[in-house]
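Here the working numbering is used: the first residue of the sequence shown is -9, the next is one more, and so on. Just so you know, even glycine gets a beta-carbon here, dropped at the ideal spot from N, CA and C. This structure is a prediction, so every number in the text was calculated from the model and none was measured.
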Amino acid sequence: MARSPGPLLLLFLLRLLLHLSAGRPCGPAELSQDTVLGRPGANITLTCQDEVPANASVLWQMEERGAAGGRERRLAEGNTLFLRRLRYEDSGRYSCSVGSHLRRSLRLLVAEPPETPRVSCYRRSHDKDVLCEWPQQEKPSPGTRAMLWVKRRFVAENATEQRCRYFSKARKFVCRVKVPPGTDDTKHLVVSTCVSNGAGGSAGKDKIITLSGVLKPDPPINVTVVALEEAPQRLRVSWSYPSSWDPRFYCLRFQVRYRPEPAPAFMEVDQVTTTWLDIRDAWRGTRHVVQVRAKDEFGHGAWSEWSQEAVGTPWTDPRDFTSEMEPFSSQVLMEDGTYGVTLPPKFFGEDHADGAGGSVMEPSTHPVAFPYAFLVTGGSLLLGIALFVGILVRYRQTRWTSEQERTKPEGEGQHMLVPLGLPPTTTLSDTPLLSPPAPSAPGLLHTTHSDYSSSGQ
């Protein structure tokens, strides 16, 4: 009966899977037999030879780096050379001689085992290479080498090897990953890293990435904040696409955060698809800090870093003293990180000690320019005093007139009644145009306004 090949095939596939998923070996760099390894800050003793003649003179020298013709620097005499607190600069070739005969030559390597890399990868746009990097807490020892391998997951192929560079200012290793041709943006890639030197080697944990998952645009540039005319609570924010992202093929969506300078927390606006935004709830007369970041329009990858801060202050009308003395509304930072709106006290009922019948928030006020406040207050006070004096004088005049009328004797102030005389005859005509008035009835008197006026004189 033939043996079933099932178990053998399963074992072969399992070993193949382990081989494909296993990381590459990462060990220390090979050292020659005449190399002596020392750690930074440690002490070390170099020995010339085991037995030295009693009258022999042993001289230690060090070959200077970059010296033409193999120039050496004399160090000390004796069979042993003691070096205290090693530094990277102490690395080099040391030799000892007895008389004119060279006895021994040693290579001293001062190195620290490398740190374990913790890799993060990102892609600045859809048409850029993938960059993988990791930071270093300490400066790597001279001769440290960093490598990166990338291959498609679960595919029997050789990994692509990349050499990584160390940037001293940023204190990190950076590797540029060449993506295999025909790689789908959603297919998984395996990234392996190794850092090694003469003191040891350290391999980072394999990282599984996709081309779309590592998208991370650069921050937006040219962020500006402009006040809008006659809009004391609005600001116009505008920005530009980063130079590494071409908007003709793929777009970005943005997130804007802003805060007035007294407030510690930011307010955020999401899902912005344009390169500008109007802030409609800015604080009156207060400078605001604004930042913008970007992400792929389809949500792939991660947000960019926040842009550089831009500042701006809403428009302020210099004639609007009412808004300075009593703002219509103000925004107050709450304990939970949100913002509430308060109104002037005239919009509330009386506040009670138990909290019933009104708001517990105090209305915010803005400082008022001292000369203008003094003029307004002084003018109001003078006007009030003038009105009070006028009312008092009018009241006293009215009272004095009433007392005078009550104290007059009987008949004083009455006018004499005089009977009217006949009208004078005219010389123009013997025949008057109008007949003379009929005689008055006995006992009646006629008075005119002129008589009344003349009698009072």
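Inset, instruction - Within its chain, find whatever has a CB closer than 6 Å to the CB of Thr303; leave out the 5 residues flanking it on each side and keep chain order. - result: So the list reads Arg277, once near-sequence residues are dropped.
Inset, instruction - Use the C-beta contact count for Ser392: other C-beta atoms within 10 angstroms, 16 or more gives buried, fewer gives exposed. - result: That one is exposed.
Legend entry - Rounded C-alpha distance that separates Thr200 from Trp305: Rounded to whole angstroms, Thr200 to Trp305 spans 48 Å at the Cα level.
Legend entry - Alpha carbon of Arg243 to alpha carbon of Val366, nearest angstrom: Those two C-alpha atoms are separated by around 51 Å.
Inset, instruction - For Leu418, name the three-state secondary structure that DSSP assigns. - result: For Leu418, the predicted structure reports a pLDDT of 43, less than 50, and the residue's modelled location is therefore unreliable. A value from the coordinates is still provided. Three-state result, Leu418: coil.
Legend entry - Buried/exposed call for Trp390, threshold 16 Cβ in 10 Å: Flag for Trp390 reads exposed.
Legend entry - Boundaries (first-last residue) of the beta strand (DSSP E) holding Tyr84: Tyr84 -> beta strand (DSSP E) spans Gly82 to Val88.
Inset, instruction - Measure the C-alpha to C-alpha separation of Pro252 and Asp271 and round it to an integer number of angstroms. - result: The alpha-carbon atoms of Pro252 and Asp271 are separated by roughly 15 Å.
Legend entry - Which of helix, strand or coil DSSP assigns to Thr150: Residue state for Thr150 is assigned as strand, using DSSP reduced to three classes.
Inset, instruction - Within the segment 160 to 231, note down every full beta strand (DSSP E) run reaching 3 residues or more, in order along the chain. - result: Listed in chain order, they are 162 to 167, 179 to 187, 190 to 193, 197 to 199, 211 to 217 and 225 to 230.
Legend entry - Backbone secondary structure at Phe72 - three-state DSSP: When secondary structure is reduced to three states using DSSP, Phe72 falls in the strand class.
Inset, instruction - Please state whether DSSP places Thr391 in a helix, a strand or coil. - result: In the displayed model, Thr391 falls within a helix according to three-state DSSP.
Legend entry - Selection from Glu102, Gly291 and Leu218 that minimises the alpha carbon distance to Arg226: Answer by Cα proximity: Leu218.
Legend entry - Residues near Glu220 by beta carbon distance below 7 Å, same chain, minus five either side: Here the set comprises Trp305.
Legend entry - Given Arg83 as reference, the closest of Pro250, Arg74 and Arg63 once Cα atoms are compared: Nearest option by C-alpha distance: Arg63.
Legend entry - Residues near Arg142 by beta carbon distance below 8 Å, same chain, minus five either side: Here the set comprises Pro170, Thr173, Lys177, His178, Leu179 and Val180.
Legend entry - Integer Cβ distance of Val213 from Val282, believed to fall under 8 Å: Going by Cβ atoms, the distance from Val213 to Val282 rounds to 5 Å, so yes, they are a contact pair.
Inset, instruction - Would you list the one or two residues that DSSP bridges to Trp124? - result: DSSP output for Trp124 lists Phe163 as bridge partner(s).
Legend entry - Reduced DSSP secondary structure (H/G/I, E/B, other) of Glu53: Three-state DSSP puts Glu53 in a strand.
Inset, instruction - Taking Phe157 as part of the beta strand (DSSP E), name the residues at either end of that continuous run. - result: Its beta strand (DSSP E) spans residues Arg155 to Phe157.
Legend entry - Beta-carbon gap between Leu65 and Ser81 smaller than 8 Å: Going by C-beta atoms, Leu65 is not nearer than 8 Å to Ser81.
Inset, instruction - Give the straight-line distance between the Cα atoms of Lys159 and Gln126, rounded to the nearest whole angstrom. - result: In a straight line, the C-alpha of Lys159 is about 11 Å away from that of Gln126.
Inset, instruction - Taking only heavy atoms of the ligand GDP into account, decide whether any of them is closer than 7 Å to the Cβ of Glu54. - result: With respect to the ligand GDP, the structure offers nothing, as it holds no ligand at all.
Legend entry - Nearest to Ala101 (by Cα), restricted to the options Val26, Ala255 and Ala292: For the residues Val26, Ala255 and Ala292, the minimum Cα distance to Ala101 belongs to Val26.
Inset, instruction - Please report the residue range of the beta strand (DSSP E) in which Thr265 lies. - result: First-last for Thr265: undefined, no H or E at that position.
Legend entry - Beta-carbon contacts of Arg238 that lie in its chain and below 6 Å, excluding the five residues immediately before and after: Closer than 6 Å at Cβ, skipping near neighbours: no residue.
Inset, instruction - State buried or exposed for Asn45, treating a residue as buried only when at least 16 other CB atoms are found within 10 Å of its CB. - result: Around the beta-carbon of Asn45, fewer than 16 other beta-carbon atoms lie within 10 Å, marking it exposed.
Inset, instruction - In the DSSP assignment, find the beta strand (DSSP E) that holds Gln281 and state where it starts and stops. - result: That run of the beta strand (DSSP E) goes His278 to Asp286.
Legend entry - Beta-carbon gap between Asp260 and Pro232 smaller than 8 Å: Not in contact: Asp260 and Pro232 (Cβ atoms no closer than 8 Å).
Inset, instruction - Assuming Thr134 contacts Asn187 (C-beta within less than 8 Å), just tell me the rounded distance between them. - result: Taking the Cβ atoms as the reference, Thr134 lies roughly 4 Å from Asn187, within the contact range of under 8 Å.
Legend entry - Burial state of Glu287 (16 or more Cβ within 10 Å): Glu287 should be labelled exposed.
Legend entry - Cα-Cα separation, Leu412 to Ala376: Unreliable positioning characterises Leu412 in this predicted model, as indicated by a pLDDT of 48, which lies under 50. The coordinate reading is nonetheless provided below. Their backbone Cα atoms lie some 57 Å apart in a straight line.
Inset, instruction - Write down the C-beta distance between Ser85 and Leu92 rounded to the nearest angstrom, noting that I regard them as a contact closer than 8 Å. - result: Yes, Ser85 and Leu92 are in contact; Cβ-Cβ is about 6 Å, under 8 Å.
Inset, instruction - Determine the extent of the beta strand (DSSP E) in which Leu65 is found, giving its start and end residues. - result: For Leu65, the enclosing beta strand (DSSP E) starts and ends at Glu62 to Glu67.
Legend entry - Reduced DSSP secondary structure (H/G/I, E/B, other) of Phe378: Secondary structure at Phe378: helix, using DSSP grouped into helix, strand and coil.
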